[in-house]
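K.L.:
The structure that follows is given in the form of structure tokens.
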Amino acid sequence: MHQAFQDCIVELEQLLRRSRAARGEFRKRTDRVVPESSVRFQVQSKALASYEVVELESGAVHGTLSNWKEAMNFARQLEARPVLRLVK
Numbered sequence: 546m547h548q549a550f551q552d553c554i555v556e557l558e559q560l561l562r563r564s565r566a567a568r569g570e571f572r573k574r575t576d577r578v579v580p581e582s583s584v585r586f587q588v589q590s591k592a593l594a595s596y597e598v599v600e601l602e603s604g605a606v607h608g609t610l611s612n613w614k615e616a617m618n619f620a621r622q623l624e625a626r627p628v629l630r631l632v633k
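Adding 545 to a residue's 1-based position in the sequence shown gives its number in this note's numbering.
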């Protein structure tokens, strides 16, 4: 890899580390807790009147709907379901 790319990667790692520390300090000062989970599903527009509900972690499409509001409601229903993970 070119030296300039390696330098950028090192610099980015340092910035991310400092950003994480700053966010942690901010949460301590404001008595905020770290959110337990993030968004798992996203509605993506694929064509005119065609919306897909996609799981962000795996990229799997869980449904294709023709109405944005229905797709959003379906994504919210999927978000409300518990996360099932295989134990290895």
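For glycine and all other residues, C-beta sits at the position ideal for the given N, C-alpha and C.
Using DSSP bridges, identify the partner residues of leucine 610.
P.N.:
Counting from one through the sequence shown, the residue named residue 610 turns up at place 65. DSSP output for leucine 610 lists Tyr596 as bridge partner(s).
K.L.:
Taking the alpha-carbon positions, what's the lysine 573 to arginine 562 distance?
P.N.:
Taking the sequence shown and counting its residues from 1, the one referred to as residue 573 is at position 28. Taking the sequence shown and counting its residues from 1, the one referred to as residue 562 is at position 17. If I take the Cα positions, the gap works out to 17 Å.
K.L.:
Could you tell me how far apart the beta carbons of serine 590 and tyrosine 596 are, in whole angstroms, since I believe they sit closer than 8 Å?
P.N.:
For this step, residue 590 is matched to residue 45 along the sequence shown. For this step, residue 596 is matched to residue 51 along the sequence shown. With 8 Å as the limit, serine 590 and tyrosine 596 qualify as a contact, their Cβ atoms being about 6 Å apart.
K.L.:
For the alpha helix (DSSP H) containing valine 602, name the first residue and the last one.
P.N.:
To locate residue 602, count along the sequence shown from 1; it is residue 57. Per the sequence shown, the amino acid found at residue 602 is glutamate instead of valine. Looking at the DSSP string, glutamate 602 is not in any alpha helix (DSSP H), and its letter there is neither H nor E.
K.L.:
For glycine 524 and lysine 614, I'd like the C-alpha separation in whole angstroms.
P.N.:
Past the edges of the chain, shown from 546 to 633, lies residue 524, and the structure says nothing about it.
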